[in-house]
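Trainee: Read in order, the letters of the sequence shown are residues 18 to 240 in the working numbering.
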Amino acid sequence: MYDGEAIWSKVDDYFVDRLVNEDDALVAARESSARTVMPQADVSPTQGAFLSVVARIAGARRVLEFGTLAGYSTIWLARAVGPAGRVVTFEIDPATAVVAEENLRRAGVADRVELVVGPALESVRALVEASVEPFDLVFIDADKPSNPAYLEAAVALSRPGTVIIGDNVVRNGAVADPDSSDPRVHGTWGLIDMLGQDDRIEATALQTVGVKGWDGFAIGVVR
Ligand code: SAM
């Protein structure tokens with residue numbers, strides 16, 4: 018019988034084996050998510066590498082991330098921006114932030130990452146008020162009900178060409194269930210509607226399968 022989840026994981030293993038260079042620091046960061054507020058909620062290795070490839074295609078030097086967890090995706094992004102680059106990442110849980118700081122140091126990227134502890138909406142509004150330099154790439158991966166507000170802030174902190182990526186937009190197909198009462202799905206609907214209706218952005222969404230099951234990314238670029 019066709020066992021989707023099992024074969025998706027095998028295919029991920031195949032790609033990781035041949036394409037994804039996860040060093041000890043990345044493996045340690047991924048494994049340490051067990052000590053955070055949301056164990057195993059980090060992106061998968063192929064997805065981390067995907068974020069890195071997109072950041073490099075975009076020539077990103079300034080990255081903004083909503084949702085640090087153990088810093089797994091942060092490390093991929095921080096390596097992609099290079100030593101002169103900057104990643105600002107938001108995490109609400111102080112104990113989780115301690116785990117992330119440890120991982121960023123081990124990965125040798127602590128000097129280029131600013132981890133801001135607190136509610137992301139407050140943290141990002143402070144950046145908007147301070148009129149900071151625009152970001153080249155924004156990765157939205159925190160509490161999903163806030164996605165529309167995060168997208169609005171991301172656009173305010175963008176320039177033409179800024180790439181915006183939102184994670185977990187499929188949720189085992191729940192996004193297409195009009196009766197869903199899951200607030201995370203409602204947050205995704207808000208994000209997708211805004212991406213579709215906002216003339217400032219060109220966007221699409223891609224479904225993914227793999228070790229993290231069936232999910233997907235929304236990806237857009239500011240015109
Ligand atoms: N991006 C990470 C990765 O792939 O390695 C995974 C992030 S995890 C899905 C979501 C994170 O967002 C958790 O660490 C959680 O504590 C954080 N979070 C949840 N609500 C938040 C909020 N309001 N502000 C900031 N961070 C929040």
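Where a beta carbon is used, it is the ideal one built from N, C-alpha and C, also for glycine.
Could I get the ranges of all uninterrupted beta strand (DSSP E) runs contained in the stretch 82 to 161, with 3 residues as the minimum, in chain order?
Mentor: As far as the stretch 82 to 161 is concerned, its whole beta strand (DSSP E) runs of at least 3 residues are 103 to 108, 130 to 134 and 154 to 157.
Trainee: Return the first residue and the last residue of the alpha helix (DSSP H) that Gln-214 is part of.
Mentor: That run of the alpha helix (DSSP H) goes 200 to 214.
Trainee: Any idea what DSSP makes of Thr-63, helix, strand or coil?
Mentor: Helix at Thr-63.
Trainee: Give every residue of the same chain whose Cβ lies closer than 7 Å to the Cβ of Gly-207, excluding the five residues on either side of it in the sequence, and list them in chain order.
Mentor: Closer than 7 Å at Cβ, skipping near neighbours: Asn-164 and Pro-165.
Trainee: Thinking just about the alpha-carbon of each residue, which of Ile-182, Leu-68, Ser-198 and Asp-30 is nearest to the one in Val-239?
Mentor: The option with the nearest alpha carbon to Val-239 is Ile-182.
Trainee: For Leu-174, report the span of its alpha helix (DSSP H) as first-last.
Mentor: Premise fails: Leu-174 is in no alpha helix (DSSP H) and is neither H nor E.
Trainee: Buried or exposed for Ser-148, going by 16 or more other Cβ atoms inside 10 Å?
Mentor: Result: exposed.
Trainee: Using 8 Å as the threshold, is the C-beta distance between Val-83 and Asp-158 below it?
Mentor: This sequence places Phe at residue 83; Val is not what is there. In contact: Phe-83 and Asp-158 (Cβ atoms closer than 8 Å).
Trainee: Going by C-alpha distance, which of Leu-132, Met-55 and Asp-40 is nearest Val-115?
Mentor: It is Leu-132 whose Cα lies nearest to the Cα of Val-115.
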